[in-house]
Amino acid sequence: MTKEMENVEVSFPQYKLKTTIHKNSTILEALRKVGIGIRSICGGKGLCGKCKVRVIKGKVKHEVKDKELISPKEVSEGYVLACLAKVLEDVEVLIPPESVIGKAKLLTDVNLPKTAINPYVNRICIKVRDIRKLQEEFKKYSMSDEIRRRIYELEPGEELSIIVDFYNSKILDLSLKELNEGIYGLAVDIGTTKIVASLIEISTGKILATESKFNRQLIYGEDLISRISYTIERSGGLKELQQAIVQTINELINNLCSETRIDPKNIYELTAAGNTVMTYTFIGLDPTPLIRSFKEHVNVERKPYILNPKDLGLNLRENATIYVLPCMGRFLGGDVVGDIITSELSFSEKPTLLIDIGTNTEVVIGCKDWILGTTAPAGPAFEGWGLKCGVRAIEGAIESVEIDPQTLNSKYTVIGNVKPIGICGSGYIDVVAELFRHNIIDPIGKFRRDIKSPNIRSGLDGYEYVIAPSNETLTGRDIVITEKDIYNLIDAKSSVCAAISILLKKMMLKVYDVDKVYICGAFGRYLDINNAMAIGMIPEFTKAEVIFIGNGSLGGAYLSMISKKHRDEAERIAKITASIELMLDPDFMDEYQAGFILPGKRELFPTWWEMSRKIRQK
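If you're matching positions, the sequence shown starts at 1 in our numbering and goes up one per residue.
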């Protein structure tokens, strides 16, 4: 055995886990092998600095690409980036709380529209009279050999209970008496971070139970580009990503069926919605064309995908139908189609705006006659990347912040009501709005140097504001927001606002022409809309009703299962929606750069623009 192929042992004493890997493999590989979830936004390329661990015994080779990602003090204490630390001998490793993919504040609720229950999968009961005529009629439908055999054994006078998938002209089950079991389905939101599933009684539309789990793909990178890169760099990488989704869904199926005491073999249909990359990796389609060139048009088939559980390894009835909502473009996926049918934007008489905020923020404007969509390259700042104390919306994340204008102390709330480990996107928007509102930062995000407060100081990364002092945190370190953080957040919010502004321009609309604004997704669910307007992220829609619809992707999967009308509408939406590539639009840079002065353009933020002027005059 060569030295390179020698095995070394990696132990994680806090989890009572250990594994062996080849010498010179990384600690991140060992973590993946034992199944410990650790933050890896960049997918293990040494660019994000979120996978810090502490080596307490043994030697590693650690060459950091960006010295700003880990301080000399941390290095002296044994901290390394798991993705860059090559193991040279047996080691013991501790994982600090801020590096763990912790328990997330996962969004499972959705504000569903009222609709008649009229599914494609349904039961019909008939009495056998003319066997030959019945057999001839059944030739229109596909079915398993077992069901076909049963049909040819029928006798006149027998009563049949048949479960039919009318969408695919497929007989799913047949019995000589009415089946006592219900007809069940699984609606699934395949998210980049988490997967949410609802067990549905199809004939009534009743949601029996809902569960969510982290998407097992997270260990291959937290962002979409990292995961696509994994399929390029590793032989069999696409299959690994596909199986990660399938395993997560199977775990959800087992949990839901155990909770409701329903046999998975009675699940006749699974409907799923996800962004284009998640859709591609779930069905096993190569996602690399989606990122080959952002300056070229990418052809995405605007049709649903129909699959077989057996081909994927899903723990469902063998002949169940898998229906995956259609995508509309490179970054306008089935999740956005789900958002649209959940909001019923495509049925509205007046212009309606829909926003789903995330690393790629989807923005759609439209009505019953037309729909236009785009994605804003907001980047992962809202997920914590590029921010000194940034974390996802997990247990221990500061999710909301208020600042006392007299003392300049902060009052914050933490997900899970535990000691904080960092701050998530909604908390960052709050703190920037509060700093701006109280004239602690100027319109370009710089701290005023004339303010005397122990909470505002010059730190290792420049000026910063202390949100939570070290004695209040789980990490034992101050949780702060720096000027660099504020710049990154202004950059991200400017991209979102530019997308909205350009769509309004394209359709020759003003903010007061918009009738409703739908905010979708997990981030939007916990967003303070007034603070989002204060920092210039979402324009002041003075005449519009703002509606939070929650998990529209899950809602779309549910509606496409229980309503023919909504499934047909989803497919119509995918065909008619026009999309624009924001980065190629000639107006993008002007709109984007206009957002770098808080709050942004006067016509989009008249109230906050005037308030900003008055604040600066104090």
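Backbone N, C-alpha and C define an ideal beta-carbon position, used for all residues, glycine too. As the structure is a prediction and not an experimental result, all values here were calculated from the model.
- Contact annotation: residue 88 and residue 44 have beta-carbon atoms that are not nearer than 9 Å.
- By the C-beta criterion, the segment 188–207 is judged to be in contact with the segment 116–134, since at least 3 inter-stretch pairs fall below 8 Å.
- Distances from the CA of residue 312 to each of 612, 240, 344, 345 were compared; the closest alpha carbon is that of 240.
- The straight-line gap separating the alpha-carbon atoms of residue 85 and residue 585 is approximately 42 Å.
- Positions of the alpha helix (DSSP H) runs, each at least 4 residues long and wholly inside the segment 569–617, are given as 588–594, 606–617 in order along the chain.
- Boundaries around residue 530 are those of the alpha helix (DSSP H), 529–534, since no beta strand (DSSP E) includes it.
- Looking at the DSSP output, residue 390 shares a beta bridge with 423.
- When secondary structure is reduced to three states using DSSP, residue 439 falls in the coil class, being assigned neither helix nor strand.
- Inter-segment contact for the segment 345–362 and the segment 461–478 is absent: fewer than three beta-carbon pairs are separated by less than 8 Å.
- Going by beta carbons, residue 289 and residue 298 fall inside the 9 Å limit.
- If you check the CB distance, residue 272 and residue 325 come in under 9 Å.
- Between the alpha carbons of residue 545 and residue 254 lies a gap of roughly 40 Å.
- Three or more Cβ pairs closer than 8 Å define a contact, and the segment 386–395 falls short of that threshold against the segment 512–519.
- In the three-state reduction of the DSSP assignment, residue 320 falls in the coil class.
- Residue environment analysis places residue 447 among the buried positions, since at least 16 neighbouring C-beta atoms fall within 10 angstroms of its C-beta.
- DSSP, read as helix, strand or coil, puts residue 100 in strand.
- Between residue 235 and residue 194, the alpha-carbon positions lie close to 25 Å from each other.
- 9 Å or more divides the Cβ of residue 172 from the Cβ of residue 280.
- Secondary structure in the segment 129–171: the beta strand (DSSP E) runs of 3 residues or longer, each lying completely within the stretch, are 159–165 in chain order.
- Taking 9 Å as the cut-off, the beta carbon of residue 245 is found no closer than this to the beta carbon of residue 560.
- For residue 412, the pairing in a beta bridge is given by DSSP as 401.
- The beta carbon of residue 511 is closer than 6 Å to those of 539, 541 in its chain, skipping five residues each way along the sequence.
- Distances from the alpha-carbon of residue 441 to those of 412, 153, 344, 405 put 405 closest.
- Residue 5 and residue 34 have their C-alpha atoms some 19 Å from each other.
- Here residue 607 is exposed. Its C-beta has fewer than 16 other C-beta atoms within 10 Å.
- In terms of Cβ geometry, residue 558 and residue 481 do not form a close pair [threshold 9 Å].
- Between the C-alpha atoms of residue 486 and residue 208 there is a straight-line separation of about 43 Å.
- The three-state reading of DSSP puts residue 290 in helix, counting H, G and I together.
- When DSSP states are grouped into helix, strand and coil, residue 450 belongs to the coil group.
- Around the beta-carbon of residue 20, fewer than 16 other beta-carbon atoms lie within 10 Å, marking it exposed.
- Within the model, the alpha-carbon separation for residue 416 versus residue 399 is close to 10 Å.
- For residue 579, the closest alpha carbon among the candidates 529, 371, 452, 475 is that of 371.
- Remark: C-beta atoms of residue 604 and residue 458 do not approach each other more closely than 9 Å.
- In this model, residue 316 and residue 292 are separated by some 36 Å (Cα to Cα).
- Rounded to whole angstroms, the gap between the alpha carbons of residue 82 and residue 56 is 13 Å.
- Per DSSP, the unbroken beta strand (DSSP E) holding residue 548 starts and ends at 545–550.
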